[in-house]
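> For reference, the structure I am asking about is given below.
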Amino acid sequence: MATYGLRCPHCTQPASVRSSRAETETLRSIIFRCSNLLCGFTFGADLQVTHQITPSAIPNPLVRLRIGTGRSAPRPREVPEPANDEAASGPAVPLSPPGPLTAMG
Ligand SMILES: [Zn+2]
């Protein structure tokens, strides 16, 4: 029985998943029920894929995610454009291999 670590917002006891439904490739709606029989609270929640940490080796071209490095998503203005978007706006520019590090100045 999955819980996703979610607790009942009323009595703080663990809540378990009763059912779920895929809304999109990155969003799932979930119905939870509190494990405390004296409480009995049931509620809905959404589980959403918000950003990528390591890119997929077999990416779905329909899935566009922000790039992040940890648990929280970066602010939108901090997110660079994905490199695979470059082909849509013009010819690809070949990247030169990285050279040795040199001191600037
Ligand atoms: Zn409860």
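Heads up: the sequence shown is residues 1 to 105, going by the working numbering.
Where is the CB? At the ideal position from N, CA and C, for every residue including glycine.
(1) In chain order, what residues place their C-beta within less than 6 Å of a heavy atom belonging to ligand 1?
(2) Look at Ser29 and Pro14 and say whether their C-beta atoms are less than 8 Å apart.
(3) State yes or no: is the beta carbon of Phe32 nearer than 8 Å to at least one beta carbon in chain D?
(4) Could you give the DSSP three-state label for Leu47: helix, strand or coil?
(5) Considering just the uninterrupted stretch of the beta strand (DSSP E) at Phe41, what are its terminal residues?
(6) Using a threshold of 8 Å, state whether the C-beta atoms of Ile31 and Thr42 are closer than that.
The answer reads as follows:
(1) Cys8, His10, Cys11, Gln13, Cys34, Asn36, Cys39 and Phe41
(2) no
(3) Of the chains in the structure shown, none is chain D; there is only one protein chain.
(4) strand
(5) Run containing Phe41: none; DSSP gives neither H nor E here.
(6) yes
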